[in-house]
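Q: Protein chains in written order, with the numbering used here: chain A, 1 to 135; chain B, 1001 to 1109. Where is the CB? At the ideal position from N, CA and C, for every residue including glycine. These numbers come from a predicted model, not from an experiment. I have a structure here, written as structure tokens, and I will follow up with some questions on it.
If you want it as structure tokens, here you go:
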């Protein structure tokens, strides 16, 4: 629903501002492919395994109990202004792989967040962290 | 006006990227010393210096790998040159290198 509203708003703004926006196939930027996420096994995969596979996390929380890896997926691209000075831009979705490790350093749980608005994703991530604290 | 947007889509599609291992024969060859049997943390730090980041009570280390104009690599940040790769190393409790991985460098936020 939010996506439809945003698309409508973008289209209206485009027509008013002399700009064009086109949907793109999903284009990940620094993304983690789903098959590599599927390969992570709670209770088996260790923190060292995650680090060797994905490198430095975007976020480290609570003495490395939590790691987060962020990336974007471009779904719209556009240009504003007329030739010869058209300015290109992209509209990415925010993605985050959040991982909680147990006391033994193995994955306790993980979740992939994907939202158009970074703020919404951050709110959901905060709620996810609180679930961990409650356990 | 459509042309720039479509050109951008094509350029982006070509730039789709993911975290994970990379293959760069020249850099891998220069990091060949990491495959030596019995290599220790002291040997690595003598070659590459202090790691950029440490994890797991020092059992995992991360280095930025910079490729200089002449193709040589360094783990010490030269001015105005971003790292091209990230080198991850895992050490055994006795300090021997257990495994290493060369990954695409992703800028932290």
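1. Name the residue from B:1025, B:1098, B:1106 and B:1068 whose alpha carbon lies nearest to the alpha carbon of residue 1041 (chain B).
2. With distances taken between CB atoms, is the gap from residue 51 (chain A) to residue 1055 (chain B) smaller than 7 Å?
3. Determine the chain B residues that contact residue 48 (chain A) at a beta-carbon separation under 8 Å, and present them in chain order.
4. Name the DSSP beta bridge partners of residue 99 (chain A), please?
5. Considering only the beta carbon of each residue, do residue 73 (chain A) and residue 95 (chain A) sit closer than 7 Å?
6. Counting only Cβ-Cβ distances shorter than 8 Å, please list the residues of the region 25-50 of chain A near chain B, keeping chain order.
7. I'd like the span of the beta strand (DSSP E) that includes residue 1103 (chain B), first residue to last.
8. Helix or strand or just coil, what does DSSP make of residue 93 (chain A)?
9. Measuring straight from C-alpha to C-alpha, what distance separates residue 48 (chain A) and residue 5 (chain A)?
10. Rounding to the nearest angstrom, what Cα-Cα distance links residue 45 (chain A) and residue 90 (chain A) in this structure?
11. Tell me the rounded alpha-carbon separation between residue 1059 (chain B) and residue 1077 (chain B).
12. Report, in whole angstroms, the separation of the C-beta atoms of residue 1072 (chain B) and residue 1063 (chain B), which I expect to be a contact under 8 Å.
13. May I ask you to list the residues that DSSP assigns as paired with residue 80 (chain A)?
14. Please compile the residues from chain A whose C-beta is within a distance smaller than 8 Å of the C-beta of residue 1032 (chain B).
15. From the beta carbon of residue 52 (chain A), is the nearest beta carbon of chain B less than 7 Å away?
16. Under DSSP, the alpha helix (DSSP H) around residue 121 (chain A) begins and ends at which residues?
17. Taking only three categories from DSSP, how would you classify residue 1041 (chain B)?
18. Candidates B:1038, B:1061 and B:1102: which alpha carbon is nearest residue 1024 (chain B)'s?
A: Reading off the structure:
1. B:1098
2. yes
3. 1055, 1056, 1059, 1060 and 1090
4. A:67 and A:110
5. yes
6. 25, 27, 28, 29, 30, 31, 32, 33, 36, 47 and 48
7. 1097-1104
8. strand
9. 42 Å
10. 35 Å
11. 23 Å
12. The pair is not a contact, with the Cβ atoms about 15 Å apart (cut-off 8 Å).
13. A:19 and A:87
14. What residue 1032 (chain B) touches in chain A: nothing, since even the nearest Cβ is about 18 Å away.
15. yes
16. 118-134
17. helix
18. B:1102
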